[in-house]
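S.K.: Heads up: the sequence shown begins at 589 in this note's numbering, then just goes up one per residue.
By construction, the Cβ of each residue, glycine as well, lies at the ideal position given by its N, Cα and C atoms.
The structure presented is a predicted model; accordingly, all values stated were derived computationally and were not measured.
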Amino acid sequence: MITFFLVAEPVADYAAAKKSGTRRLAAFFHWLLERGIYWPASQFGAAFVSAAHSAEDIARTAAAIGGVLRAGLGRVMWSLAAPRRPGNGPGARGLAV
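#1: Thinking just about the alpha-carbon of each residue, which of 651, 657, 589, 611 is nearest to the one in residue 624?
#2: Could you spell out the range, first to last residue, of the beta strand (DSSP E) harbouring residue 593?
#3: Starting from residue 622, follow the alpha helix (DSSP H) in both directions and report where the run begins and ends.
#4: With a threshold of 16 other CB atoms inside 10 Å of the CB of residue 676, please say whether the residue is buried or exposed.
#5: Going by Cα to Cα distance, which pick from 589, 654, 610, 638 is closest to residue 630?
#6: Would you say the region 589 to 596 touches the region 631 to 650, given that touching needs at least three Cβ pairs under 8 Å?
#7: Round the Cβ separation of residue 597 and residue 604 to the nearest angstrom and send it over; I've been treating them as touching at under 8 Å.
#8: Can the beta-carbon of residue 619 be found closer than 8 Å to that of residue 655?
#9: Quick one: Cα of residue 659 to Cα of residue 615, how far?
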């Protein structure tokens, strides 16, 4: 499961997620859609990777997302959801790119 937030700071809760730039997210969504990548259209949505996705599918998606960044949408904060367990924090890891 993966979610992108178009913000400068890590997203660890609902309040931080609400700060995501919805105009930039719309541009991100349409950029991917125009390239045949069906991504959630909400800052609260998540994409899922499964065994049904080939290495080519994943590489094509990664290349399209790289194109978004090169097109000037700016900094992207992504979060990879992890199962919540007692003591492991908010259940997500983030990386700014």
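M.R.: Reading from the atomic positions:
#1: 651
#2: 590 to 593
#3: 610 to 622
#4: Low confidence applies to residue 676: its pLDDT is 43, below 50, so where it sits in the model is not reliable enough to give any reading.
#5: 610
#6: yes
#7: 7 Å
#8: yes
#9: 10 Å
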